[in-house]
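Sequential numbering of the sequence shown, starting at 1, is according to the UniProt record's numbering.
Below: one structure, written as structure tokens.
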Amino acid sequence: MVLADGKERNVEALTTTVNLNVEGKIVRVKFIALPEAKGNRTLLGTNFLQAAAIVLNIQNGTWHFSENPHKQFSFYKNPSDVKENLPTISSHKVTSPETIPVALPETSVPVILREDEGKHLTSKQRDKFNSLLKEFETCFHPGGDPTPFIEYRIQTGNNLPVSEPPYRMTPAKKELLKKELESLLAEGIIEECESPYASPVVLVPKPNGSIRLCIDYRKLNATTIPDTYPLPRMDDLLRLIMRLNRQSLCLQ
């Protein structure tokens with residue numbers, strides 16, 4: 001393999017995937033570890049910048065996430081100022097040093113409340129909440145493949161495929177859309193495909209200045225055969241919960 005110094009060497013290597021917390025954003029990064037190397041620091045390259053959707057401004061010494069360009073972060077002037085708090089990675093010895101082995105079991109950062117979250121909770125309530133998060137940790141695991149338990153098909157009957165041209169955008173919005181799509185592709189949320197269906201993209205501004213990528217599916221929805229189920233009456237539901245002290249909401 002070719003190391004950072006540009007020289008090709010035959011060395012033993014291990015690989016694993018780690019979830020990194022970058023300013024509250026979880027980024028899955030594949031690492032290559034060299035057991036025989038001593039005193040080396042961890043190197044994060046362009047693949048990490050792409051996966052995290054990080055945009056560097058070298059001239060100003062700042063960086064930001066592509067999905068939120070209005071929130072800027074400053075470069076660390078002295079790398080020694082960065083406090084290291086990394087999870088422990090367990091691995092097995094590689095028996096074939098000629099090639100990079102299959103990735104080891106993935107490690108992840110425990111799902112618990114951050115210091116800036118749940119400030120209104122008591123210490124006992126916070127511990128109970130963290131225990132609940134830990135119990136259902138797999139439900140909150142970032143990234144990964146789509147669920148294999150449910151497959152859904154949109155029934156359009158005998159209607160022809162809906163194909164609409166994209167809406168016009170300013171050059172600035174086109175650049176924002178490009179960065180957002182690159183970020184979604186890097187995180188594996190979307191993938192490229194060829195299809196007779198096409199619906200236009202709409203960029204909706206958020207209150208914090210960032211954008212929300214939306215798709216105008218109105219014409220597709222007009223040709224879709226809906227699933228019809230008997231739903232409870234809203235007034236009956238409100239009557240049932242009117243005496244409750246606490247309510248749990250799911251806002252979409």
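No residue lacks a Cβ here, since even glycine has one placed at the ideal position from N, Cα and C.
These numbers were taken from a predicted model, which means no experiment stands behind them.
Comparing alpha carbon positions, the residue from Lys38, His70, Ile112, Gly6 closest to asparagine 21 is Ile112.
In the structure shown, the three-state DSSP call for isoleucine 32 is strand. Fewer than three beta-carbon pairs drawn from the segment 45-55 and the segment 150-169 are found closer than 8 Å, and the two stretches are therefore not classed as touching.
Taking 3 residues as the minimum length, the beta strand (DSSP E) runs contained wholly in the segment 178-236 are 201-205, 211-215, in order along the chain. Inclusion of lysine 38 and threonine 15 in the CB contact set at 8 Å is not warranted, their separation being larger than that value.
Following the DSSP letters along the chain, one finds leucine 44 in no beta strand (DSSP E), marked with neither H nor E.
Linking isoleucine 150 to isoleucine 32 through their CA atoms gives a straight-line distance of about 34 Å. Residue environment for leucine 220: buried (at least 16 other C-beta atoms within 10 angstroms of its C-beta). Each residue's CA atom was taken as its position, placing glutamate 115 and glycine 24 some 11 Å apart. When the Cα atoms are used, aspartate 127 and glycine 118 turn out to be separated by approximately 11 Å. Excluding the 5 residues flanking it on each side, proline 161 has same chain C-beta neighbours closer than 6 Å at Pro196, Tyr197, in chain order. Distance between proline 232 and proline 226, taken at the CA atoms: about 18 Å. The beta carbon of proline 205 is closer than 8 Å to those of Ile211, Arg212 in its chain, skipping five residues each way along the sequence.
Less than 8 Å divides the Cβ of glutamate 180 from the Cβ of serine 66.
Under the DSSP definition of a beta bridge, glutamate 151 lacks any partner. Distance from the CA of glutamate 164 to the CA of serine 248, rounded to the nearest whole angstrom, comes to 39 Å. Rounded to the nearest whole angstrom, the C-alpha separation of alanine 51 and arginine 243 is 47 Å. CA-CA distance, lysine 178 to proline 69, rounds to 13 Å.
Per DSSP, the beta bridge partners of serine 74 are Thr62. Just so you know, the alpha carbons of leucine 121 and phenylalanine 129 end up roughly 9 Å apart.
The C-beta of alanine 222 has fewer than 16 other C-beta atoms within 10 Å across all chains shown, which makes the residue exposed. In the three-state DSSP reduction, threonine 138 falls in the helix class (H, G or I).
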